[in-house]
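First comes the structure, then the notes that go with it.
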Amino acid sequence: MKSAFVLLAFLTVSQGILRIPLMRGKSARQQLEESGLFQEYRSKFPFNPAAKFLPRNDHSVVPLTFDPDTTIYGEIGIGTPPQLFKVLFDTGSSDLWVPSTSCTSSACDKHVKFSSSASSTFQAGTKTFHISYNSGYASGSTGYDLIKISDLCVEHQIFGLTETEADFMASVPWDGVLGLAFPGLSLEGGTPIFNSMWNQGKLLQNMFSMYLSSSVEGSMLILGGTDSSYYTGGIKWIPLYEATNFWNIQIQSITINGNTVGCSGSCAAVVDSGTSFITGPNKDIDNINGWLGAFSDQYGDAAVSCSNTDLLPDIVFNIHGYNFALPPSTYVIKSASGCRTGFATGTWILGEVFMRQFYTAFDITNNMVGFAQAV
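This is how it looks when you write it as structure tokens:
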């Protein structure tokens, strides 16, 4: 499987785009439920996807939230020779970080650790960084090295090397995070990796896009443009809303059977590949889940009966005059413990549940997000 994963990554020179295969691993929820620890971790580290979007006063702190359902990652190499890491490609943050061999936390023992002494191109940085979350946090140092993503090499890229990590990090399927939001959000004090690619002339277009499959394999990150083989029809482009350094857009309304159930009068939402669900304020999410006949399960999630999910209605997001309909096959999450909706409380975030239905393009040059019906 690992060799196939590496071989699938290839550069299409004629089109000037780079395709990076993304894999779906076993979620933290699955691992913790199997070991009987999910309730303990859920209580200790509540699901709070809005944490990383809150205003930051201390620019050495990167909020980190326990999202038990994030599962998709890709592979990158760091250093010379390259040391391989599984990373979450996160459009809700701007920094790259991985565990280091100096990490003393047991969580790091579950993941690959970067050895700076094993890389001939590594240069130590002068800044430290902290990833904090309630009673858990990660902290470490920064460095510079060659980053290899498929056939593309980014030179002298800043990244973080964690030395301590929160306990819950042991259960996530990826080793670190590669942020794809805007430079103003970076807390490591350098240029984010995608901007470095563009600045170093590695891409023909200052754009990337994502196709998220429901299967273990098949998801793809496309750097430098879009790939029409992953969507049908045209891409509907949405201008960014307000200057937030996030991929922030405006939703006009959310409806079910023509009835407004959320975002009455419009609302701002972040398009975030690093959040598994669609999240929003309590009132709106409770209303949406109420229309779906959801009930609270033992974990406090919005559960629905697995026997009649096909009878549930489409949920329509009106964005910039376009209607984007989510069918129940997309927003109902099925697992060994039952079925639940893909809607949770927080600020408005269009996460993986939305992006699985709609191929998503991120255009930096024109400050736009594009959605198209995924194949």
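Per mature numbering (1 follows the signal peptide of the UniProt record, and there is no 0), the sequence shown runs over residues -16 to -1, 1 to 359.
C-beta atoms are modelled at their ideal positions from N, C-alpha and C, and glycine is treated no differently.
In this text the structure is predicted, and so the values were computed from the model without any measurement.
Measure the C-alpha to C-alpha separation of residue i and residue j and round it to an integer number of angstroms.
{"i": "lysine 94", "j": "alanine 150", "result": "12 Å"}
{"i": "threonine 88", "j": "phenylalanine 143", "result": "19 Å"}
{"i": "residue 388", "j": "tyrosine 57", "result": "The structure shown does not extend to residue 388, since the chain spans only -16 to 359, so no value can be given for it."}
{"i": "glycine 127", "j": "alanine 165", "result": "20 Å"}
{"i": "threonine 175", "j": "glycine 76", "result": "16 Å"}
{"i": "threonine 325", "j": "isoleucine 233", "result": "23 Å"}
{"i": "phenylalanine 152", "j": "phenylalanine 113", "result": "19 Å"}
{"i": "glycine 109", "j": "histidine 140", "result": "11 Å"}
{"i": "threonine 244", "j": "glutamine 15", "result": "37 Å"}
{"i": "valine 156", "j": "serine 11", "result": "6 Å"}
{"i": "serine 291", "j": "proline 297", "result": "15 Å"}
{"i": "threonine 293", "j": "glycine 217", "result": "27 Å"}
{"i": "isoleucine 240", "j": "leucine 207", "result": "35 Å"}
{"i": "leucine 171", "j": "cysteine 323", "result": "38 Å"}
{"i": "phenylalanine 178", "j": "alanine 252", "result": "24 Å"}
{"i": "serine 319", "j": "leucine 72", "result": "22 Å"}
{"i": "leucine 136", "j": "asparagine 183", "result": "13 Å"}
{"i": "leucine 6", "j": "serine 199", "result": "10 Å"}
{"i": "threonine 146", "j": "valine 82", "result": "6 Å"}
{"i": "valine 288", "j": "tyrosine 195", "result": "27 Å"}
{"i": "leucine 80", "j": "aspartate 74", "result": "9 Å"}
Taking the continuous alpha helix (DSSP H) assigned at residue i, which residues delimit it?
{"i": "lysine 267", "result": "266 to 275"}
What is the residue span of the beta strand (DSSP E) that residue i lies within?
{"i": "valine 82", "result": "80 to 83"}
{"i": "cysteine 247", "result": "Counting along the chain, cysteine 247 falls outside any beta strand (DSSP E), and DSSP gives it neither H nor E."}
{"i": "threonine 64", "result": "Careful: threonine 64 lies outside any beta strand (DSSP E) and carries neither H nor E."}
{"i": "alanine 358", "result": "352 to 358"}
{"i": "alanine 5", "result": "Here residue 5 is proline; the residue named in the question, alanine, does not match the sequence. It spans 1 to 8 - the beta strand (DSSP E) in which proline 5 sits, taken as one unbroken run."}
{"i": "isoleucine 142", "result": "136 to 148"}
{"i": "alanine 345", "result": "342 to 347"}
{"i": "valine 161", "result": "160 to 163"}
{"i": "alanine 154", "result": "That residue, alanine 154, is in no beta strand (DSSP E); it is neither H nor E in DSSP."}
Taking a contact to mean a Cβ-Cβ separation below 8 Å, would you say residue i touches residue j in this structure?
{"i": "isoleucine 299", "j": "isoleucine 317", "result": "no"}
{"i": "isoleucine 222", "j": "valine 353", "result": "yes"}
{"i": "leucine 310", "j": "glutamine 282", "result": "no"}
{"i": "residue 360", "j": "alanine 358", "result": "Because the chain here runs from -16 to 359, residue 360 falls outside it and cannot be looked at."}
{"i": "methionine 339", "j": "serine 237", "result": "no"}
{"i": "serine 78", "j": "glycine 163", "result": "yes"}
{"i": "lysine 97", "j": "serine 84", "result": "yes"}
{"i": "serine 193", "j": "tyrosine 343", "result": "yes"}
{"i": "tyrosine 315", "j": "phenylalanine 327", "result": "yes"}
{"i": "serine 103", "j": "aspartate 129", "result": "yes"}
{"i": "glycine 209", "j": "leucine 224", "result": "no"}
{"i": "aspartate 53", "j": "serine 260", "result": "yes"}
{"i": "glycine 335", "j": "isoleucine 262", "result": "yes"}
Flag residue i as yes if its beta-carbon sits less than 8 Å from any beta-carbon of chain C, otherwise no.
{"i": "tryptophan 158", "result": "Checking the listed chains, one finds no chain C in this structure; it contains a single protein chain."}
Am I right that residue i and residue j are in contact with their C-beta atoms under 8 Å? What's the rounded C-beta distance?
{"i": "glycine 264", "j": "glycine 246", "result": "6 Å"}
{"i": "asparagine 229", "j": "glycine 168", "result": "4 Å"}
{"i": "isoleucine 348", "j": "methionine 204", "result": "In fact, because the Cβ distance is near 19 Å, the residues do not count as touching under 8 Å."}
{"i": "serine 134", "j": "isoleucine 4", "result": "6 Å"}
{"i": "isoleucine 60", "j": "isoleucine 131", "result": "6 Å"}
{"i": "glycine 173", "j": "lysine 111", "result": "5 Å"}
{"i": "threonine 105", "j": "serine 123", "result": "Wrong, their Cβ atoms sit about 24 Å apart, outside the cutoff."}
{"i": "valine 255", "j": "tryptophan 275", "result": "Rounded, the Cβ-Cβ distance is 23 Å, inconsistent with contact."}
{"i": "alanine 91", "j": "tyrosine 215", "result": "Contact flag wrong, Cβ pair sits at about 37 Å."}
Can you find a heavy atom of the ligand NAP that lies under 7 Å from the Cβ of residue i?
{"i": "glycine 63", "result": "The ligand NAP is absent from the structure shown, which contains no ligand whatsoever."}
What are the complete alpha helix (DSSP H) segments, minimum 4 residues, inside the stretch 170 to 238?
177 to 183
Sequence ranges, beta strand (DSSP E) only - wholly within the stretch 274 to 336, length at least 3:
286 to 288, 299 to 303, 306 to 310, 316 to 319, 322 to 325 and 327 to 329
Go through the stretch 88 to 129 residue by residue and report every complete run of the beta strand (DSSP E) that reaches 3 residues or more, in order.
107 to 117
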